[in-house]
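Asker: Have a look at this one before I ask anything.
Protein chains: 2
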Amino acid sequence: MVEFEPVMLAPIAGALALAFAGYLTFRIMRQSPGTPQMRELSDTIYRGAMTFLNKEYRVMVVYAVIVTIILALVVNYQTAVAFTVGAFFSALAGNIGVRVATKSNARTAAAAKRSIGEGLRVGFSSGAVMGMCVVGLGILGVSIFYYLFGDPRIIVGFGFGASSIALFARVGGGIYTKSADMGADLVGKVEARIPEDDPRNPAVIADNVGDNVGDVAGMGADLFESYVGSIIAAMVIGFIGVTVGGIALSQTDAVILPMLLATVGIFCSIVAIFFVRVGRGAGIKTLHAALNKGVFGSAILMAVVSFLLIWYLIGVMEIFYAMLAGLIAGIVIGLAAEYYTENRFSPVQSIAISSQTGPATNIISGFSVGMISTLIPIIAVCAAILVAFQFAGLYGIAIAAVGMLSTLGMTLATDTYGPVADNAAGIAEMSKMGKTVRTRAERLDAVGNTTAAIGKGFAIGSAALTALALFAAYTNRMVDAGITMDLSITNPSVIVGLFIGGMLPFLFCALTMRAVGKGASLIVGEVRRQFRTIPGLMKGRAKPDYDRCIGISTSAALRNMALPAALAILTPIAVGLVSPEALGGLLAGAIVTGLLLAITLANAGGAWDNAKKYIEEGRFGGKGSETHAASVIGDTVGDPFKDTSGPSLNILIKLMSMAALLFVPLLLKVWGG
Amino acid sequence: MVEFEPVMLAPIAGALALAFAGYLTFRIMRQSPGTPQMRELSDTIYRGAMTFLNKEYRVMVVYAVIVTIILALVVNYQTAVAFTVGAFFSALAGNIGVRVATKSNARTAAAAKRSIGEGLRVGFSSGAVMGMCVVGLGILGVSIFYYLFGDPRIIVGFGFGASSIALFARVGGGIYTKSADMGADLVGKVEARIPEDDPRNPAVIADNVGDNVGDVAGMGADLFESYVGSIIAAMVIGFIGVTVGGIALSQTDAVILPMLLATVGIFCSIVAIFFVRVGRGAGIKTLHAALNKGVFGSAILMAVVSFLLIWYLIGVMEIFYAMLAGLIAGIVIGLAAEYYTENRFSPVQSIAISSQTGPATNIISGFSVGMISTLIPIIAVCAAILVAFQFAGLYGIAIAAVGMLSTLGMTLATDTYGPVADNAAGIAEMSKMGKTVRTRAERLDAVGNTTAAIGKGFAIGSAALTALALFAAYTNRMVDAGITMDLSITNPSVIVGLFIGGMLPFLFCALTMRAVGKGASLIVGEVRRQFRTIPGLMKGRAKPDYDRCIGISTSAALRNMALPAALAILTPIAVGLVSPEALGGLLAGAIVTGLLLAITLANAGGAWDNAKKYIEEGRFGGKGSETHAASVIGDTVGDPFKDTSGPSLNILIKLMSMAALLFVPLLLKVWGG
């Protein structure tokens, strides 16, 4: 008989999470998908999303095969296998998430017909499916490979698989979604002067698909990467050897603890998901409170249970403090993002005020809000680093990242709820449902906007901490293998690494913004063509060819992500082959400017968006005024900032650190050891 | 009898430069100031500039007295004296430069009446006065204090004086100039729909004053700081001890060499100034070629003479290669700035093309041009660092900075020529001179625009290299005093330093942009008030109250620079008192993101400006089209980017590094040694 060991809880938790996701999906699918018109809209979005994903998969498979072969040759075959499974799991989680999200939008709207509480239940369940799939598949993959190989250094392959899919989902998806969005708006709103979500616009479905592809699949893959990345980094550092508070941890303890913390987080998240419910006539505040109960509830539960776990299992409480530092920093970063992007607070209002003197002052004001919003997250990250290191060294930093991400099942549920509610409100509007239902759907959407902003902040912060943990694992492995590295910032190799690494996020942003521009201009051409050549289209008597627009922006996205993707993967390897010290500097530089730029772009974009909404509520002349026109320009500038370039940086910094860690065996061959 | 020593050449070169500046000024003042109308315009700008400077001086004196007392108490009285003189010399150079520039604008226009060659001669002479004053006073100050105290560590006080004035001139001046500019435009062009330089606009003189205050005094003080900063950093490192190519340099050699290289540079610059002349009917290309002959000529001369000097005096040619690396990097960075901001090249043209789809695409496109433009300068800086360090260690990096700045007398002359030619063209226009003269003045202006872009790039690059040299001097001094510092990027103090240092440029930019916004809104209020209350103003029968606008934007600038200034000076000291390692990380982080952001902002701003001009030349519908309107918005956004926030970062990174080096004695008291 196999004796019970705590680590066995990890795959059990993973299976449980997946089972729970299955149950939630079953419950969602039992709901009515609404009127035939609603169903048709929902189906078109669903089919569009699948078109995008299938096309993307074809490219991904080619990429994955090539990387698998390279890994088998350069690293080892186990790592290659882990890579393949990591890529597959991440893609699977994204696929399920998008499927369920696109099946839930109309159902959420239909449920809102009965009551707002029902609407929240359906929409949030759909988010919870994504959350559970990500954490379930994540911990399942890591724990299975640990069982198979017993060596965390191999599981890095699994993480790199997750990173690679995140690259496609976040960068490719980000370029796709904003090409479609800007292309649709530039011809529809600006030239043809038809409303934003008008079904006559051939690019409107591509735009709606983009919300799911970018905010559901992209966000999911991003956080899947962070989740497994932080666990793996902690395991690798633990494997090499950890001394905390003067006590040397046993290798097994140090390696399995990250998995167990994640396991505890899954249980806490499942429990907290049941906290999220409201009564029949709930207002925005009540909805907000319900979601907050889930997020804070899971964090508090996590703190309590992990305290007991560490106390019982290891008895070295320093590790708990490191975990707690990460958990708290994650919440602070999320709240800071909320403060800088919500129109209840002064930053967004100051942008609205600046819009009165035109678009230029709107842009400058939004840009300065974005830059100033780096202060709190940076302090939170620094505090977490100092506390975590103080108590548990570099291992502590990785544990802090694990702590920040431990309740991901819950936080990702609230993130993914956002785009579902957004789509639901759009469907309620387009299918001309009654005013009561539309008001309810809009309330659900408004709350979703807030959670989306928090989610973006959280994604950035956790990406930075995960990348740092991976960076620490990289240096640890090199030093452990006997490579002497002078990582001092007075070493010119390190300085040059810092400069080049610092520059990469700027370059990456510029390339992704350009890619959006190119994609959008192709869509502009296609929409103009359809307006011109399809008779009766503008009068609503003929249907536009939605699929062509989806196809065009998909190909454009996949083509234009090649250069930034190559940059992200090849630069660290190339630099590492020249100097492993420069590679250290490169990673540190990229993490610092990547974090700063990502926060600036995400919050500036979010703030512009909400400044526009603030004016649309009737302030400074409301819709149609000059002030409103100025705010629309800021909002458009913010689109690629917050939905393409900014989030892509999360991937850049993690992928580069993951690549460095993954190719340590190659570097060791070159540098001896 | 005193025996001749090579170092005596330094003060001689300084005196010669000042004498040459005096001669040039005499020659300029002999020129006719043109018609009474021209003289009046010129006088108003002159008086306005003096109003600003005098008001600024009152604040500066208070600041200087406080800092002097602190330095005398915390460091030593010699440093305090050096500080006072450094501040005075920098202010003096700026004052002379602005006086001569504002006296030369009308004279340049009047000289252009005779021939374009005459116009160039007067305009360029005015720039040369600034160039000669800066290098003359710079080398004079450094060499005199070396003669007096013989210890470069005291001369750091002189550098900090220069830094402090640069802070006022660049940050205060930058806020002033863009508050006035944006304020004038927002009411004049947008609301009252009168032309840009219309004398009925009460803020128009404040705007013209701003060009001189920002581009002449600001640029001059910035480069004065870089010039003396790089020399002092090299001297401090040399004083501690330098081994190059296995040979230990004598302390005296290592300390005086930076001064001698600067001395050689002054002679080369003076010679090269005579290269800059054109015939009677010169076109833009010929004008360009003449200025290039000066810049490249001085660099080639410098390379040849310094080769001989190092060979003859020290015989360690490694130092020459380090110097050459810096000299070449400076030119490459300048040329890269030209490429990204000139409308002959594709980056600016791509922005113009994007403007066809509105302001949002114009902004996104310009922003991505700015970010991508970091690539070449970063590679140039990295190459210079690697080459310089390879040959001569950290001393080499400081020598590279000295090399880059050695021909400053010449490069600053071409920079300062820009705003003088700009003002001359404005005066030619406003005083309704004949078409021939105006065409000539416009040609002179167009060439000036190019040199200004190159100058900005050069200022940023040299600031980064100077800051790096100062940073190296800081760590060298600490280590020399027996403080063990773990400056490894795996040390959490260093990581936290990197994050906080990296964030400061973002914060600094946000604060300076906000300051411009606040200042501009005060000007808007005042201009509206004058339009409303001064009878007959709009019909040209009454004169506006120019001085009030100057006064308002001056006070606003001085008030709003307090917070960013305090941030720049106090952060490094506070962090250093907590951890000297974190201070190391802070400086490195700030230099990296400061350089990247400064390039992005400067080049995006320059590119937007020229994209607008490109459209105004008649492309995409030309002036008055929707495309033009979109490009105007980009240009306005770019104004504070390129003229306030971007250049302010040069000061931030140098000032922080200078403060760290200056307060080493204080840090040593705390940290033992």
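Chains as they are written, first to last, in the working numbering: chain A, 22 to 694; chain B, 22 to 694. Glycine included, C-beta positions come from ideal geometry on N, C-alpha and C. Values in this document were obtained by computation on a predicted structure and should not be read as measured data.
Closest to B/VAL1 by C-alpha separation, out of B/GLY540, B/GLY626, B/LEU45 and B/GLY171, would be which residue?
Answerer: This structure leaves residue 1 of chain B out entirely; chain B is present only between 22 and 694.
Asker: Using 8 Å as the threshold, is the region 247 to 263 of chain A in touch with the region 135 to 150 of chain A, meaning 3 or more CB pairs across them?
Answerer: The region 247 to 263 of chain A vs the region 135 to 150 of chain A: no contact.
Asker: Verify the CB distance criterion: does B/CYS289 have a CB-CB separation below 8 Å to chain A?
Answerer: It does not: the Cβ of B/CYS289 has no partner Cβ on chain A nearer than 8 Å.
Asker: Please state the DSSP three-state secondary structure of B/THR428.
Answerer: It is coil, neither helix nor strand.
Asker: For A/MET323, report the span of its alpha helix (DSSP H) as first-last.
Answerer: Per DSSP, A/MET323 belongs to the alpha helix (DSSP H) from 305 to 334.
Asker: Name the chain A residues that come within less than 8 Å of B/ILE372, Cβ to Cβ?
Answerer: Here the premise fails: no neighbours, minimum Cβ distance about 11 Å.
Asker: Do you know offhand how far A/GLY655's Cα is from B/LEU415's?
Answerer: Using only the alpha carbons, I get a separation of about 45 Å.
Asker: Taking its Cβ as the centre, do 16 or more other Cβ atoms sit within 10 Å of A/THR487, making it buried, or is it exposed?
Answerer: So A/THR487 counts as buried.
Asker: Considering only the beta carbon of each residue, do B/LEU683 and B/VAL96 sit closer than 8 Å?
Answerer: A contact, by the Cβ cut-off of 8 Å.
Asker: How many angstroms separate the CA atom of B/ALA480 from the CA atom of B/LEU244?
Answerer: Whole-angstrom Cα-Cα distance: 7 Å.
Asker: In the DSSP assignment, the alpha helix (DSSP H) including A/ARG174 goes from what residue to what residue?
Answerer: Looking at the DSSP string, the run of the alpha helix (DSSP H) that includes A/ARG174 is 173 to 187.
Asker: Which residues does DSSP pair with B/ILE268 in a beta bridge?
Answerer: According to DSSP, which records beta bridges pairwise, B/ILE268 is partnered with B/VAL265.
Asker: Kindly indicate which three-state DSSP category A/SER125 falls into: helix, strand or coil?
Answerer: Looking at A/SER125 - three-state DSSP - the assignment turns out to be helix.
Asker: Would the beta-carbon of B/ALA651 fall within 8 Å of that of B/SER427?
Answerer: Not closer than 8 Å, so no.
Asker: Report the residue ranges of all alpha helix (DSSP H) runs contained in full by the region 180 to 251 of chain B; include only those spanning at least 4 residues, in chain order.
Answerer: Counting only runs of 4 or more, we get 194 to 206 and 225 to 232.
Asker: Quick one: which chain A residues come within Cβ less than 8 Å of B/SER367?
Answerer: Those within 8 Å of B/SER367 in chain A number zero; the least Cβ separation is about 12 Å.
Asker: Can you have a look at B/PHE47 and say buried or exposed, based on whether 16 or more other CB atoms are within 10 angstroms of its CB?
Answerer: The residue in question, B/PHE47, is exposed, as its Cβ has fewer than 16 Cβ neighbours within 10 Å.
Asker: At what residue ranges does the region 372 to 440 of chain A contain a whole run of the alpha helix (DSSP H), taking only runs of 4 or more?
Answerer: Complete alpha helix (DSSP H) runs here, min 4: 380 to 393 and 396 to 427.
Asker: Rounded C-beta distance between A/ASP228 and A/ALA201? I'm assuming under 8 Å.
Answerer: Indeed they touch by this definition, with Cβ atoms about 5 Å apart.
Asker: Identify, in the order they occur along the chain, each residue of the same chain with its Cβ nearer than 6 Å to the Cβ of A/GLY178, setting aside the five sequence neighbours on each side.
Answerer: The answer, listed in chain order, is THR100, ALA103 and PHE104.
Asker: Around the C-beta of A/TRP629, are 16 or more other C-beta atoms found within 10 angstroms, so that it is buried, or is it exposed?
Answerer: When all chains shown are included, A/TRP629 counts as buried.
Asker: How would you write the range of the alpha helix (DSSP H) that B/TYR517 sits in, first residue to last?
Answerer: In the sequence on display, residue 517 of chain B carries Val and not Tyr. That run of the alpha helix (DSSP H) goes 513 to 554.
Asker: Between the alpha carbons of B/ALA586 and B/GLY615, how many angstroms are there, rounded?
Answerer: Straight-line Cα distance between these residues: approximately 15 Å.
Asker: Pick helix, strand or coil for B/SER509, following the three-state DSSP scheme.
Answerer: Reduced to three states, the DSSP call for B/SER509 is strand.
Asker: State yes or no: is the beta carbon of A/ILE215 nearer than 8 Å to at least one beta carbon in chain B?
Answerer: For A/ILE215, the answer is no, since every Cβ of chain B falls outside 8 Å of its Cβ.
Asker: Can you tell me whether DSSP reads A/ALA628 as helix, strand or coil?
Answerer: A/ALA628 falls in the helix class under three-state DSSP.
Asker: Taking B/VAL458 as the reference, give the member of B/LEU141, B/SER290 and B/VAL276 with the closest Cα.
Answerer: Here the closest residue by C-alpha is B/LEU141.
Asker: Taking A/ASN581 as the reference, give the member of A/GLY162, A/ASP64, A/PHE189 and A/LEU39 with the closest Cα.
Answerer: Comparing Cα positions, the closest option is A/PHE189.
Asker: List the residues of chain B whose Cβ lies closer than 7 Å to the Cβ of A/CYS698, in chain order.
Answerer: Since the first residue of chain A shown is 22 and the last is 694, residue 698 of chain A is not available in this structure.
Asker: Which chain A residues sit within Cβ distance under 8 Å of B/LEU528?
Answerer: Within 8 Å Cβ-Cβ: MET392, ILE393, THR395 and LEU396.
Asker: Rank A/ILE354, A/LEU281 and A/LYS314 by C-alpha distance to the C-alpha of A/ILE331 and give the top, closest one.
Answerer: The shortest Cα separation from A/ILE331 among A/ILE354, A/LEU281 and A/LYS314 belongs to A/LEU281.
Asker: For A/ARG461, count the other beta carbons within 10 Å of its own beta carbon; 16 or more makes it buried, fewer makes it exposed. Which is it?
Answerer: By the 10 Å Cβ count, A/ARG461 comes out buried.
Asker: Quick check on the burial criterion: 16 or more other C-beta atoms within 10 angstroms. Buried or exposed for A/ARG498?
Answerer: So A/ARG498 counts as buried.
Asker: Have a look at B/ILE397 and B/LEU356 and give me their C-alpha separation to the nearest angstrom.
Answerer: Whole-angstrom Cα-Cα distance: 10 Å.
Asker: In whole angstroms, what separates the C-alpha of A/ALA283 from that of A/ALA34?
Answerer: Approximately 9 Å, taken between the alpha carbons.
Asker: For the region 345 to 353 of chain A against the region 311 to 328 of chain A, are there 3 or more C-beta pairs whose distance is under 8 Å?
Answerer: These segments touch.
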